[in-house]
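One structure is given here, and the rest of the page talks about it.
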Amino acid sequence: MDSIIRYISILELMPIEPKPGISTKDILEKLEEKGFSVSLRNLQRDLVALAKHYPIICNDKVRPHRWCFASDYQGSFAAMDASSAVSTILVNEYLLGIMPVPLLSQLSPQLNRAKSFIQSHSDSTYANWLEKVKIVPEGKVLIPASIDPKIWATVCEAIMSNKALDVVYTSHAKDKIQSFILHPYGLMIRKSATYVLGSYNDYDDVRQYALHRFTSLKLSSSDFRPNLSFSLQRYIDAGESGVKYSDESIHLVALINRGLAKRLEETKLSDTQAILETESEEWFLLRAVIPDDRDTRSWLLGQGASVIVREPISLREELLKEVASIKELSESLKELKHK
1 MDSIIRYISI LELMPIEPKP GISTKDILEK LEEKGFSVSL RNLQRDLVAL AKHYPIICND
61 KVRPHRWCFA SDYQGSFAAM DASSAVSTIL VNEYLLGIMP VPLLSQLSPQ LNRAKSFIQS
121 HSDSTYANWL EKVKIVPEGK VLIPASIDPK IWATVCEAIM SNKALDVVYT SHAKDKIQSF
181 ILHPYGLMIR KSATYVLGSY NDYDDVRQYA LHRFTSLKLS SSDFRPNLSF SLQRYIDAGE
241 SGVKYSDESI HLVALINRGL AKRLEETKLS DTQAILETES EEWFLLRAVI PDDRDTRSWL
301 LGQGASVIVR EPISLREELL KEVASIKELS ESLKELKHK
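Right under this line is the structure:
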């Protein structure tokens with residue numbers, strides 16, 4: 001048993017190409033730190049034995065020789081270094097605002113390894129690294145809706161194995177609880193909500209069902225009804241998800257202030273973006289070809305007085321109408337009080 005645990009510990013010390021390999025001496029020192037008592041000769045035998053079963057490479061062109069996994073290694077064993085540990089923790093932090101909790105829980109083993117690496121280097125700069133690097137989302141991010149892990153797992157199983165579901169669903173549109181057979185074709189995660197795309201009962205049209213609104217569900221004994229013509233990407237591209245407004249791109253022409261111009265020079269709105277000087281030192285002319293979708297409108301409205309849309313005229317009028325509506329409602333509802 002001790003030799004098996006030692007083998008696992010050795011594998012966990014191996015980096016993956018193109019990262020530099022680890023020397024036999026360094027492996028020996030780290031094993032001793034973990035409480036293993038092994039000679040250099042026995043360690044060399046262990047490495048040779050492991051190389052017969054794992055894609056381990058020995059770089060014998062350098063002294064001392066260095067060991068690592070081949071670049072195409074896909075297994076769970078691999079050394080965690082500072083960069084990998086910090087990246088893993090930061091990715092998890094970023095995904096907390098997007099992904100369903102049950103999905104994030106699948107990353108727990110990697111996250112725990114990363115945290116253990118950071119904690120084991122409390123005497124070095126690694127310990128403070130996470131306090132020096134933070135992810136700040138652009139715009140307001142809503143807290144993801146709560147999803148029952150069992151419901152998440154069952155939905156994933158149904159989609160992967162092409163099975164129907166018996167569901168109880170709370171419909172906001174109809175303001176009632178419904179029971180039906182759902183034929184799921186895919187999942188769509190948008191901002192803070194996850195949606196199941198599928199058809200219900202004997203209907204063929206594909207609809208969206210918010211995963212957090214399922215009261216209960218289970219694999220159905222009814223036969224799954226496939227939709228061979230359905231493609232999730234085509235569904236999104238066609239605007240059925242409510243994301244896209246038309247197949248045409250918007251040729252945006254707008255005035256932007258100096259502050260926004262500087263931000264867009266660093267983080268472009270699109271690859272076609274051009275920012276031109278005007279007669280005013282404070283205002284610049286922005287030209288860009290961008291998607292005709294909800295995100296475009298949200299972004300433009302979110303810039304407030306920093307952007308003035310000139311073209312297309314239809315978009316300009318649409319945004320001005322939205323602003324006027326907000327102002328009108330603010331006036332008409334200002335006396336409204338809570339119960």
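Under the UniProt record's numbering, the letters of the sequence shown match residues 1 to 339, in that order.
The C-beta atom is built at its ideal place from N, Cα and C for all residues, glycine as well.
The DSSP-derived three-state label of residue 65 is coil. DSSP places residue 26 in the helix class (H, G or I) of the three-state scheme.
The alpha-carbon separation between residue 65 and residue 59 amounts to approximately 6 Å. Here residue 317 has no same chain residue with a Cβ atom under 8 Å from its own Cβ, once five neighbours each way along the sequence are excluded.
Here residue 51 carries a helix assignment [DSSP, helix/strand/coil].
Contact check for residue 67 against residue 43 fails: the beta carbons are separated by 8 Å or more. In this structure, residue 22 and residue 50 do not form a Cβ contact; the two beta carbons are roughly 13 Å apart against a cut-off of 8 Å.
With fewer than 16 other Cβ atoms inside 10 Å of its own Cβ, residue 18 counts as exposed. Judged by DSSP in its simplified three-state form, residue 293 adopts strand. The three-state secondary structure of residue 307, taken from DSSP, is strand.
Secondary-structure assignment with DSSP links residue 251 through a beta bridge to 289. Here residue 191 carries a coil assignment [DSSP, helix/strand/coil].
Excluding residues up to 5 positions away in sequence, 186 lie with their Cβ nearer than 6 Å to the Cβ of residue 232 in the same chain. Unbroken beta strand (DSSP E) runs of no fewer than 3 residues, entirely contained in the region 180-236, are found at 193-200, 207-210, 214-219, following chain order.
Counting C-beta atoms within 10 angstroms of its own C-beta, residue 251 has fewer than 16 neighbours from the protein chains shown and is therefore classed as exposed.
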